[in-house]
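One structure below.
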Amino acid sequence: MAGINMRHIVKKYGDGFPAVNDVSIDVADGEFMILVGPSGCGKSTLLRMIVGLEDISGGDMIIGDRKVNDLAPRDRNLAMVFQNYALYPHLTVFENIAFPLRLAGASDSEVDTKVREASKTLELDEHLDRKPGNLSGGQRQRVAMGRAIVRDADAFLFDEPLSNLDAKLRGQMRTEISRLQKRLGITTVYVTHDQTEAMTLGDRVAVLKRGVLQQLASPRQLYANPGNLFVAGFIGSPPMNFLPATVRGGQVELPFGTVSIPAEKVRDVPEDKLLIAGIRPEHFEDASVVDDDKRAKGSVFTAQIDVTEWLGNQAYAYIPFEADETVKAQLTQLERDLDGDAMRNQLVVSLDSTSRISEGDQAEIWVDTRQMHLFDPETGDNLTIDLANAGEIPAKNDPEASARAEKTAAQAH
Amino acid sequence: MKQKIGLTTGILLILTWCLLPVAWIISLSFKSQEAITNGSPGFFPSPGGTAGFANYSDVLADEQFRRAIINSIGISLIATTLSVLIATLAAYAIARLEFQGKKFVLTTALVIAMFPVVSLVGPLFDLWRTIGIYDTWPGLIIPYMSFTLPLAIWTLSAFFREIPWEMEQAAQVDGATSWQAFRKVIVPLAAPGVFTAAILTFFFAWNDFVFGISLTSTEAARPIPAALSFFVGADPFNRPASLLAAAAVVATIPIVIIVLLFQRKIVAGLTSGAVKG
Chain A
1 MAGINMRHIV KKYGDGFPAV NDVSIDVADG EFMILVGPSG CGKSTLLRMI
51 VGLEDISGGD MIIGDRKVND LAPRDRNLAM VFQNYALYPH LTVFENIAFP
101 LRLAGASDSE VDTKVREASK TLELDEHLDR KPGNLSGGQR QRVAMGRAIV
151 RDADAFLFDE PLSNLDAKLR GQMRTEISRL QKRLGITTVY VTHDQTEAMT
201 LGDRVAVLKR GVLQQLASPR QLYANPGNLF VAGFIGSPPM NFLPATVRGG
251 QVELPFGTVS IPAEKVRDVP EDKLLIAGIR PEHFEDASVV DDDKRAKGSV
301 FTAQIDVTEW LGNQAYAYIP FEADETVKAQ LTQLERDLDG DAMRNQLVVS
351 LDSTSRISEG DQAEIWVDTR QMHLFDPETG DNLTIDLANA GEIPAKNDPE
401 ASARAEKTAA QAH
Chain B
414 MKQKIGLTTG ILLILTWCLL PVAWIISLSF KSQEAITNGS PGFFPSPGGT
464 AGFANYSDVL ADEQFRRAII NSIGISLIAT TLSVLIATLA AYAIARLEFQ
514 GKKFVLTTAL VIAMFPVVSL VGPLFDLWRT IGIYDTWPGL IIPYMSFTLP
564 LAIWTLSAFF REIPWEMEQA AQVDGATSWQ AFRKVIVPLA APGVFTAAIL
614 TFFFAWNDFV FGISLTSTEA ARPIPAALSF FVGADPFNRP ASLLAAAAVV
664 ATIPIVIIVL LFQRKIVAGL TSGAVKG
């Protein structure tokens, strides 16, 4: 067992395109690290560099206390679960799991003990004599994991292991992976584009955009203190609302009216400048269901409700608004970075399920301004960040290097 | 229903068309020489014209024929083994590696496969006599390989391309060297392709007549098809048809055995279950 230390890792392809650009991540021994980001952000490439299936163009990859840059995959002692499982179809489940042991020249009795132990852990006992072709998706997934846990590998690497399963099975396997990792206490690097997996599984999460590390923090820190617009927009579902905002004398002017904000939040925020305010849907509420005590801690505004969706445990209301051109341009760029759906200029508000607000109403909405973030529209930086609780943000540590990396990434695109 | 009757009739017609000559050869091989010379119509030997297995024992007793069988089996097996071995390695490289001149190799291979056999016989005859491999096994194995390799490479590289890259990568992460990954994972998965290539190569070598008759002069290397044409009885104007028929049947048997053995290995869909489809 060992930690994985990535120091200024760079991956450049033949045409000079930097798929991974100056990424430094230190995975502690026994830690569950998630690499997350939209497609093309370099997360899989980074994982493949750790395991040795991809050459490292620059930087140091240190596993335990060994520099592994030039070692072949077989010499790195890592176990990997592939996105499409990559089981050996000509071998039985038993032989699939035993494969790494047989290569290592283990004796038959040792192979037998270890394989049976792994199959017991993964509940594969009755399938040991079957071929992978006759197994269901979840069973194949477990065989792939069995092949990983049967060895005494230094670390587990997962490359989007659940993306081929259906939603229900995905949930089950997610808890299973989590339980397994906790029990074995093994260093794990897990690549995903699914933020539910990122939030639920990881001790820490590294958010990547176009090969550049944006923020490295615990799920809670990422959610509460996103380092920039990109992280704020990527983490959370439904995503954070972004509105044009101007700070004037301790008050924030939003399209729906002016709300007051705690003074310590806006200490470093420039006044009279057009900013982007970020508020999560759950930080709004129907003012009529908020008790007075709580109400005093936020602000209330009135808005015309366009559409509502009632889901049983909660409800969503949609409120359209007009955005300034600068803000619009930045939000369009953000949407492109997230390779997500077109963000319409509307506010998504999560309401209590007992709320009686319906479509077309002029409703009073309460907003928890303590949870509001303000972003610089030019750089995308979070101006209201609580740095003590935001993990690592490379752009804050070394702004110049980070700016350079961002620039090359932007040019390549 | 109508369609079914049509289909059955069609199949029967085609089967008859294809198998009648074979059946006739078998029928001939059981008739005595006299019966054939005198004219023996009818599929089954007439009473008194039956030779039983006499023709077969005569054929097998013939030293020339026995040598020809050994030559054919030896030459075909060696050519097949070498050709499949080389083609497997070449096809793997073509399917997996990016290298300069990859396209050139593939097109050249195709051009060679298209080359008319007859046009090569003259030059080869001269060449082989100069370097001293005329009328030897290698003298036949080499031309057979050069004609079957392209086909085998094309077949196999198509099979290799079907095997997901991840299989090898998984093997390498599991601790295999490139060679172990190739031998323990890729080759077993490509087995249907390997056997297809083997059958095609064996057929070509076994059935060849042009090289067989032009590049040999004695029974040192003469294969069956060529040997059959030299099978003349006591009277050159009266060829021993029943003996020839028995010899032809004997010559077909190895092919039947090989096909039966190999076709079991050609199971489609062996890769199913490797990756999520």
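So the sequence lines, in the order shown, correspond to chains A and B. For what it's worth, our numbering labels the leading residue of the first sequence as 1, then goes sequentially. For what it's worth, our numbering labels the leading residue of the second sequence as 414, then goes sequentially. Think of the CB as a built atom: it goes at the ideal place given N, C-alpha and C, for glycine as much as any other residue.
Spatial neighbours of residue i within its chain, please: CB distance less than 6 Å, with the 5 preceding and 5 following residues excluded, ordered by chain position.
i: residue 405(A); result: 21, 22 and 212
i: residue 253(A); result: 246
i: residue 566(B); result: 500, 503, 504 and 522
i: residue 374(A); result: 269, 275, 277, 383 and 384
i: residue 218(A); result: 204
i: residue 43(A); result: 35, 37, 191 and 208
i: residue 100(A); result: 151
What does a CB cutoff of less than 8 Å around residue i pick up in its chain, not counting 5 residues either side in sequence?
i: residue 89(A); result: 131, 132 and 133
i: residue 314(A); result: 350, 351, 352 and 353
Look at the alpha carbon of residue i and the alpha carbon of residue j, and state the distance between them as a whole number of angstroms.
i: residue 48(A); j: residue 420(B); result: 55 Å
i: residue 428(B); j: residue 527(B); result: 30 Å
i: residue 536(B); j: residue 617(B); result: 20 Å
i: residue 436(B); j: residue 444(B); result: 13 Å
i: residue 613(B); j: residue 561(B); result: 8 Å
i: residue 251(A); j: residue 272(A); result: 11 Å
i: residue 239(A); j: residue 348(A); result: 9 Å
i: residue 682(B); j: residue 152(A); result: Residue placement at residue 682(B) is poorly supported in this model, since its pLDDT is 45, which falls under 50; the coordinates are not used for a value here.
i: residue 115(A); j: residue 220(A); result: 37 Å
i: residue 66(A); j: residue 52(A); result: 14 Å
i: residue 309(A); j: residue 410(A); result: 38 Å
i: residue 598(B); j: residue 492(B); result: 25 Å
i: residue 145(A); j: residue 392(A); result: 31 Å
i: residue 18(A); j: residue 489(B); result: 53 Å
i: residue 155(A); j: residue 286(A); result: 48 Å
i: residue 335(A); j: residue 509(B); result: 38 Å
i: residue 3(A); j: residue 157(A); result: 12 Å
i: residue 485(B); j: residue 448(B); result: 31 Å
i: residue 546(B); j: residue 511(B); result: 37 Å
i: residue 417(B); j: residue 426(B); result: 14 Å
i: residue 686(B); j: residue 160(A); result: Unreliable placement is indicated for residue 686(B), whose pLDDT of 49 sits below 50; the coordinate value is still reported in the next sentence. Between residue 686(B) and residue 160(A), the C-alpha separation is close to 18 Å.
i: residue 262(A); j: residue 370(A); result: 6 Å
i: residue 77(A); j: residue 69(A); result: 13 Å
i: residue 684(B); j: residue 603(B); result: Legend: pLDDT at residue 684(B) = 48, less than 50; position of this residue unreliable, value from coordinates given subsequently. Whole-angstrom Cα-Cα distance: 9 Å.
8 Å is my cut-off, CB to CB: does residue i come that close to chain B?
i: residue 179(A); result: no
i: residue 173(A); result: no
i: residue 420(A); result: For residue 420(A) there is no data in the structure shown, the boundaries of chain A being 1 and 413.
i: residue 49(A); result: no
i: residue 219(A); result: no
i: residue 53(A); result: yes
i: residue 161(A); result: no
i: residue 19(A); result: no
i: residue 118(A); result: no
i: residue 78(A); result: yes
i: residue 2(A); result: no
Cβ of residue i less than 8 Å from any chain A Cβ?
i: residue 577(B); result: yes
i: residue 598(B); result: yes
i: residue 510(B); result: no
i: residue 586(B); result: yes
i: residue 683(B); result: Its pLDDT being 48, under 50, residue 683(B) is placed unreliably by the model, and nothing is read from it.
i: residue 686(B); result: For residue 686(B), the predicted structure reports a pLDDT of 49, less than 50, and the residue's modelled location is therefore unreliable. A value from the coordinates is still provided. For residue 686(B), the answer is yes, since a Cβ of chain A falls inside 8 Å of its Cβ.
i: residue 590(B); result: yes
Please return the same chain residues whose Cβ sits closer than 7 Å to the Cβ of residue i, not counting the five positions on each side in sequence.
i: residue 125(A); result: 119
i: residue 5(A); result: 26 and 62
i: residue 312(A); result: 353
i: residue 326(A); result: 274 and 377
For the region 83-100 of chain A, which residues have a beta carbon sitting closer than 7 Å to at least one beta carbon of chain B? 84, 85, 86, 87, 88, 89, 90, 99 and 100
Mind the definition here: the region 96-114 of chain A touches the region 174-191 of chain A only if three or more C-beta pairs lie below 8 Å; say whether that holds. no
Could you tell me whether the region 617-628 of chain B touches the region 454-468 of chain B, where touching means 3 or more Cβ pairs closer than 8 Å? no
Stretch pair the region 354-366 of chain A + the region 280-294 of chain A: three plus CB contacts closer than 8 Å: yes
Pull out every residue of the region 247-275 of chain A whose Cβ sits closer than 7 Å to any Cβ of chain B, in chain order. none
Cβ pair count under 8 Å reaching 3, the region 581-595 of chain B against the region 544-564 of chain B: no
Using a Cβ cut-off of 7 Å, which residues of the region 597-622 of chain B contact any Cβ in chain A, in chain order? 598, 601 and 602
Okay, do the region 577-589 of chain B and the region 626-637 of chain B touch, 3+ Cβ pairs below 8 Å being the bar? no
To be precise: take each residue of the region 544-573 of chain B, compare its Cβ to all Cβ atoms of chain A, and keep it if any distance is under 7 Å. Which residues remain? none
If contact means a Cβ-Cβ distance below 9 Å, which residues of the region 231-244 of chain A contact chain B? none
Name, going along the chain, the residues of the region 453-484 of chain B whose beta-carbon falls closer than 7 Å to a beta-carbon of chain A. none
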